[in-house]
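Residue numbers (my numbering): 49 to 148. A virtual CB, placed ideally from N, CA and C, is assigned to each residue, including glycine.
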Amino acid sequence: MPTYGLPDPASEDQSGTISMAQLLQAFTQLQQQNQRLQDQVSRLQALPTTQPPTPKPKICLPEKFDGSHQKFRGFINQIRLVFQLQPENYPNGTTQVGLI
């Protein structure tokens, strides 16, 4: 079982107590261990975090609009979805009109 820097109970003196020097030594060891761990955490936090690139959503373009009033709303919704999911491909009105 780990003692976490505390003296081994077997090292107690005859009266069953741990000396002040042993406690001070254990305290110093714990401080040093704590400092090493804090340094390690600081180094890990300083590392750059790289995340894999997010894949672009794959979306099919809608079928060519045939001018039907019944299909108009669905066509417009599909086009809006393409623009929202791929804004880097259609950043402005010119590129959006070019798609239609």
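Cα-Cα separation, residue i to residue j
| i | j | result |
| --- | --- | --- |
| PRO98 | MET68 | Sequence inspection shows Thr at residue 98; the Pro mentioned does not correspond to that position. Cα to Cα, the separation comes out at about 49 Å. |
| ALA94 | LYS104 | 29 Å |
| ALA74 | GLN86 | 18 Å |
| LEU129 | ARG91 | 43 Å |
| ILE124 | THR102 | 27 Å |
| ILE66 | PRO100 | 54 Å |
| PRO110 | GLY122 | 9 Å |
| GLU136 | ARG84 | 46 Å |
| GLN80 | LEU72 | 12 Å |
| ASN140 | VAL89 | 45 Å |
| THR142 | SER116 | 24 Å |
| PHE113 | PRO96 | 48 Å |
C-beta neighbour in chain D for residue i, strict 7 Å
| i | result |
| --- | --- |
| THR65 | The structure shown contains no chain D, having only a single protein chain. |
Contact set for residue i: own chain, Cβ-Cβ below 6 Å, skip 5 residues either direction
| i | result |
| --- | --- |
| THR76 | none |
Residues near residue i by beta carbon distance below 7 Å, same chain, minus five either side
| i | result |
| --- | --- |
| GLN144 | PHE131, TYR138 |
Beta-carbon separation (whole angstroms), residue i vs residue j, contact threshold 8 Å
| i | j | result |
| --- | --- | --- |
| ILE127 | ILE148 | 6 Å |
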